[in-house]
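Enquirer: Protein sequence lines, in the order shown, are assigned to chains A and B.
Numbers given in our numbering equal positions in the first sequence, counted from 1, plus 135.
Numbers given in our numbering equal positions in the second sequence, counted from 1, plus 926.
Heads up, the beta-carbon is just placed ideally off N, CA and C, and yes, glycines get one too.
Mind looking over this structure? Questions follow.
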Amino acid sequence: QQPVQSPQAVILREGEDAVINCSSSKALYSVHWYRQKHGEAPVFLMILLKGGEQKGHEKISASFNEKKQQSSLYLTASQLSYSGTYFCGTTGAGSYQLTFGKGTKLSVIP
Amino acid sequence: DSGVTQTPKHLITATGQRVTLRCSPRSGDLSVYWYQQSLDQGLQFLIQYYNGEERAKGNILERFSAQQFPDLHSELNLSSLELGDSALYFCASSAGGAGEKLFFGSGTQLSVL
């Protein structure tokens, strides 16, 4: 079942923060986050496994709430290079199928 | 460079035809995934193979089929093509575990005229 992402699109000015949400109606084993720039292949950002841990680097991090089957991607102090479409992908317990949401288009402007 | 190779990069064909898309996974990866991405659409999961065996199947049309060969490369066959099959087809590979990251190839852009 396809996870639901919100918002569908967001426009930020450089230096602003953003949160992208991903939710599922089924029990999740893992949540993946990828970024795709126009005309390019998706690129891996991070994976979160069940357990509610938060992962990431300085300015891009994510959390996974196992009980709510939700994940959020946090982008702080956005840069122009953050522009692209962000996809969350999920696997269910006992499943290897990685199903992606419809994506969130992020545009960072000067 | 992700290490995943897809050929051809572009394919233009006519309705009713059959095409084959090829994917070579990263060295050492055992699992191959196929995704379809239409204009402004997300990544639709088609099928996954692990070490030559089908592992997961998504909403793949009966006109589509795939396989993974002993050398681990994979082929996606699309037949009786329709205009609506025009899309970007991505192959991705991973080591094979459920929680492992995917490395995507650059895709094959299929145009059905």
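Under 8 Å, Cβ to Cβ, is there at least one residue of chain B near A:His-173?
Expert: Position 38 of the first sequence, counting from 1, holds the residue named residue 173 of chain A. Output row for A:His-173: interface = no.
Enquirer: Is the shortest distance between the beta-carbon of A:Gly-219 and the beta-carbons of chain B less than 8 Å?
Expert: For the purposes of this step, residue 219 of chain A is taken as residue 84 along the first sequence, with counting starting at 1. No, because no Cβ of chain B sits closer than 8 Å to the Cβ of A:Gly-219.
Enquirer: Shortest alpha-carbon distance to A:Gln-243 belongs to which of A:Ser-198, A:Ser-230, A:Lys-161, A:Tyr-221?
Expert: Within the first sequence, numbered from 1, the residue matching residue 243 of chain A stands at position 108. Per the sequence presented here, residue 243 of chain A reads as Val, with Gln not at that position. Residue A:Tyr-221 is the option with its Cα nearest to A:Val-243.
Enquirer: With the cut-off set at 8 Å, would you say A:Leu-254 and A:Trp-168 are in Cβ contact?
Expert: Outside the displayed range of chain A (136 to 245) lies residue 254 of chain A, so it cannot be described from this structure.
Enquirer: Relative to the C-alpha of B:Ser-998, which candidate in B:Gln-967, B:Glu-1008, B:Tyr-976, B:Leu-972 has its C-alpha closest?
Expert: Position 72 of the second sequence, counting from 1, holds the residue named residue 998 of chain B. Note on identity: in this sequence residue 998 of chain B is Leu, with Ser being the wrong assignment. Measuring from the Cα of B:Leu-998, the nearest candidate turns out to be B:Tyr-976.
Enquirer: In three-state DSSP terms, what is A:Gly-229?
Expert: The count along the first sequence starts at 1 and reaches residue 229 of chain A at position 94. DSSP places A:Gly-229 in coil when its eight states are reduced to three.
Enquirer: Can you pull the DSSP bridge partners for A:Ala-144?
Expert: The residue given as residue 144 of chain A occupies position 9 in the first sequence. Looking at the DSSP assignment, A:Ala-144 forms a beta bridge with A:Lys-240.
Enquirer: Taking the beta carbon of A:Gly-219 as the centre, do at least 16 other beta carbons fall within 10 Å, making it buried, or is it exposed?
Expert: Locating residue 219 of chain A in the first sequence gives position 84, where the first residue counts as 1. The residue in question, A:Gly-219, is buried, as its Cβ has 16 or more Cβ neighbours within 10 Å.
Enquirer: Tell me A:Val-154's beta-bridge partners as DSSP assigns them.
Expert: Here residue 154 of chain A corresponds to residue number 19 of the first sequence, with the count starting at 1. Answer is A:Tyr-209.
Enquirer: Quick test of the definition: if touching needs 3 or more C-beta pairs under 8 Å, does the region 937 to 956 of chain B touch the region 991 to 1011 of chain B?
Expert: With a cut-off of 8 Å, the region 991 to 1011 of chain B and the region 937 to 956 of chain B count as touching, because enough Cβ pairs lie within range.
Enquirer: What residues in the region 1022 to 1034 of chain B have a beta carbon less than 8 Å from any beta carbon of chain A?
Expert: Those would be Ala-1024, Gly-1025, Glu-1026, Lys-1027, Leu-1028, Phe-1029, Phe-1030, Gly-1031, Ser-1032, Gly-1033, in chain order.
Enquirer: Short of 6 Å in beta carbon distance, which residues of its chain neighbour B:Gly-978, apart from the five on each side in sequence? Order them along the chain.
Expert: Position 52 of the second sequence, counting from 1, holds the residue named residue 978 of chain B. Hits under 6 Å: Gln-994.
Enquirer: Using the beta-carbon of each residue, which ones in chain A are nearer than 9 Å to B:Arg-981?
Expert: Residue numbering aside, residue 981 of chain B sits at position 55 when the second sequence is read from its first letter. Correct list: Tyr-231, Gln-232.
Enquirer: Is A:Ser-158 near A:Gln-205, with beta carbons less than 8 Å apart?
Expert: As a working note, residue 158 of chain A is residue 23 in the first sequence. As a working note, residue 205 of chain A is residue 70 in the first sequence. It is a contact, given that the beta carbons lie within the stated cut-off.
Enquirer: Look up B:Leu-1028 in the DSSP assignment and say whether it is helix, strand or coil.
Expert: By one-based count along the second sequence, residue 1028 of chain B stands at place 102. Correct three-state label for B:Leu-1028: coil.
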